[in-house]
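Engineer:
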Amino acid sequence: MSAQTRLKVFVTRRLPQEGMELLQQSAGCTVSVWDSDEPVPRAELLKGVEGAHGLLCLLSDRIDTEVLDAAGPNLKVISTLSVGFDHLAIDEVKKRGIRVGYTPDVLTDATAELTVALLLATARRLPEGIQEVKSGGWSTWKPLWLCGYGLSGSTVGVIGLGRIGLAIARRLMPFGVKRLLYSGRQPKPQAQEVDGEYVPLDTLLSESDFVVVSCALTPDTQGLCNKAFFSKMKKTAVFINTSRGAVVNQEDLFEALSTGQIAAAGLDVTTPEPLPTDHPLLTLNNCVVLPHIGSATYSTRGIMAQLSANNLLAGLSGDAMASELKM
Ligand code: NDP
Ligand code: DGY
1481 MSAQTRLKVF VTRRLPQEGM ELLQQSAGCT VSVWDSDEPV PRAELLKGVE
1531 GAHGLLCLLS DRIDTEVLDA AGPNLKVIST LSVGFDHLAI DEVKKRGIRV
1581 GYTPDVLTDA TAELTVALLL ATARRLPEGI QEVKSGGWST WKPLWLCGYG
1631 LSGSTVGVIG LGRIGLAIAR RLMPFGVKRL LYSGRQPKPQ AQEVDGEYVP
1681 LDTLLSESDF VVVSCALTPD TQGLCNKAFF SKMKKTAVFI NTSRGAVVNQ
1731 EDLFEALSTG QIAAAGLDVT TPEPLPTDHP LLTLNNCVVL PHIGSATYST
1781 RGIMAQLSAN NLLAGLSGDA MASELKM
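One point on numbering: in this note's numbering, the residue at position 19 of the sequence shown is 1499, and numbering is uninterrupted.
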């Protein structure tokens, strides 16, 4: 096959080997990679996509009209190394007839596991305890020192009982959770598995000891967790977000945490990412912030890379993708 007839693919980051090998072995494609662990600068992205038939991108790349225009009419497939697709201008992508591949399911277990770890670390104040040991603040055993909140006998509320929300619920129930509430756009039959009760959001907020956000970021969920939201939560409640940072109004969260409106928060996602080191949330002992590591296990990232490469190649050949976004 001549270089002219080969399809042009642009990959916006160095991927785990499992994905790179698949792309490199593909005879029908000429693959250019932004060969770095750091995000591609905007100007390089605009240059790299020029004339591309396929684009493999990450959640940190904003794929908007400008990028689509820069790519031009050749662009037929976008494959994202993520299940979230809020970084893609979906309406515009749809209008141009571009197919989208993504990575649902393969990261559900890793993300649910990390959410449970974050919930326990936040509720049982692990980062504070570790810091006290290192700094010499541990003087002796004290009855109320570093006390937190336990899951046994508690009510957990999950906002967005999708793939990851359900996997979180499944993992939390064996800790002795008494009631599992969930809210969203409609009741889910699969909630039966965890005895989930579908309730209005206000009920979830006022009755839950732990509020876990695992919904997608959409225009409806953007800024959902705001002053009014936190004011409905118990003062002893713990808030956890592993969905997207923009679901939370961070100024309102800071106020709720610093005034004792809620007990603590654990965030794996923020706005922006990375969160600046002088951000007010980082001054609070009752706020645990992680650097968006929900799906970060070696095997999960390898499988995500493989799936996103396969999605791209299948889309370019006009075949069914293993995971194609229904738009
Ligand atoms: P799913 O599509 O399975 O679940 C998303 C859920 O969000 C659905 O249950 C959906 O409900 C719900 N939802 C949509 N709109 C609303 C709304 N207005 N109010 C409440 N709930 C709503 O996706 P996944 O579970 O696979 O992933 C969820 C999100 O998690 C991703 O979009 C991504 O942003 C984030 N994520 C974060 C990771 C991390 O590293 N921290 C890793 C992986 C994912 P319905 O079915 O009714 O539409
Ligand atoms: C996703 O896939 O949407 C996550 O945020 C990263 O795995």
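Every residue gets a Cβ at the ideal spot worked out from N, C-alpha and C, and that includes glycine.
In terms of residues, what are the limits of the beta strand (DSSP E) holding A1745?
Structural biologist: Mapped onto the sequence shown, residue 1745 falls at position 265. Taken as a continuous stretch (DSSP letters only), the beta strand (DSSP E) holding A1745 covers A1744 to L1747.
Engineer: Indicate whether the contact test is met: 3 or more Cβ pairs, each with one atom in the segment 1659 to 1678 and one in the segment 1630 to 1638, closer than 8 Å.
Structural biologist: Result yes; three or more Cβ-Cβ pairs closer than 8 Å.
Engineer: Sort A1551, G1774, V1586 and A1744 by Cα distance to G1782 and report the nearest one.
Structural biologist: Taking the sequence shown and counting its residues from 1, one reaches residue 1782 at position 302. Among A1551, G1774, V1586 and A1744, the Cα nearest to that of G1782 is on V1586.
Engineer: If you reduce the DSSP assignment to three classes, tell me which class N1766 lands in.
Structural biologist: Your numbering for residue 1766 matches position 286 in the sequence shown. It is coil, neither helix nor strand.
Engineer: Rounding to the nearest angstrom, what Cα-Cα distance links N1766 and A1743 in this structure?
Structural biologist: Along the sequence shown, one-based indexing puts residue 1766 at 286. Along the sequence shown, one-based indexing puts residue 1743 at 263. Each residue's Cα considered, the two are about 7 Å apart.
Engineer: What do you reckon, are the CB atoms on V1679 and N1721 nearer than 8 Å?
Structural biologist: For the purposes of this step, residue 1679 is taken as residue 199 along the sequence shown, with counting starting at 1. For the purposes of this step, residue 1721 is taken as residue 241 along the sequence shown, with counting starting at 1. Not closer than 8 Å, so no.
Engineer: May I ask whether a heavy atom of ligand 1 can be found less than 7 Å away from the beta carbon of C1695?
Structural biologist: The residue you call residue 1695 lines up with position 215 of the sequence shown. The answer is yes for C1695.
Engineer: Just to confirm the assignment: which complete beta strand (DSSP E) runs, minimum length 3, are found wholly within the segment 1517 to 1563?
Structural biologist: Those beta strand (DSSP E) runs which fall completely within the segment 1517 to 1563 and span 3+ residues are 1534 to 1537 and 1557 to 1560.
Engineer: Which stretch, first to last residue, makes up the beta strand (DSSP E) that contains Y1629?
Structural biologist: In the sequence shown, the residue the question calls residue 1629 occupies position 149. Segment: none, Y1629 is in no beta strand (DSSP E) and carries neither H nor E.
Engineer: Compute every distance between the C-beta of T1583 and the non-hydrogen atoms of ligand 2, then say whether any falls below 7 Å.
Structural biologist: For this step, residue 1583 is matched to residue 103 along the sequence shown. Within the cutoff, so yes.
Engineer: Please name the residue in E1731, L1631, C1627 and D1515 whose C-alpha comes closest to that of V1657.
Structural biologist: Against the sequence shown, residue 1657 aligns to sequence position 177. The shortest C-alpha separation from V1657 is found at L1631.
Engineer: Find the nearest neighbour of T1485 within the set V1520, G1531 and E1501, judged by alpha-carbon distance.
Structural biologist: In the sequence shown, counting from the first residue as 1, residue 1485 sits at position 5. Nearest of V1520, G1531 and E1501 to T1485, Cα basis: G1531.
Engineer: With a floor of 4 residues, list each alpha helix (DSSP H) that falls wholly inside the segment 1572 to 1615, ordered by position along the chain.
Structural biologist: Qualifying alpha helix (DSSP H) stretches, in chain order: 1588 to 1603 and 1606 to 1615.
Engineer: Give, in chain order, every unbroken run of the alpha helix (DSSP H) that is at least 4 residues long and sits entirely within the segment 1647 to 1731.
Structural biologist: Entirely contained in the segment 1647 to 1731, the alpha helix (DSSP H) runs reaching 4 residues are, in chain order, 1681 to 1687 and 1707 to 1711.
Engineer: What number of angstroms, rounded off, separates the C-alpha of S1506 from the C-alpha of C1537?
Structural biologist: Residue mapping note: residue 1506 aligns to position 26 of the sequence shown, counting from 1. Residue mapping note: residue 1537 aligns to position 57 of the sequence shown, counting from 1. Each residue's Cα considered, the two are about 18 Å apart.
Engineer: Roughly how many angstroms separate the alpha carbons of L1792 and R1542, rounded to a whole number?
Structural biologist: Locating residue 1792 in the sequence shown gives position 312, where the first residue counts as 1. Locating residue 1542 in the sequence shown gives position 62, where the first residue counts as 1. Straight-line Cα distance between these residues: approximately 18 Å.
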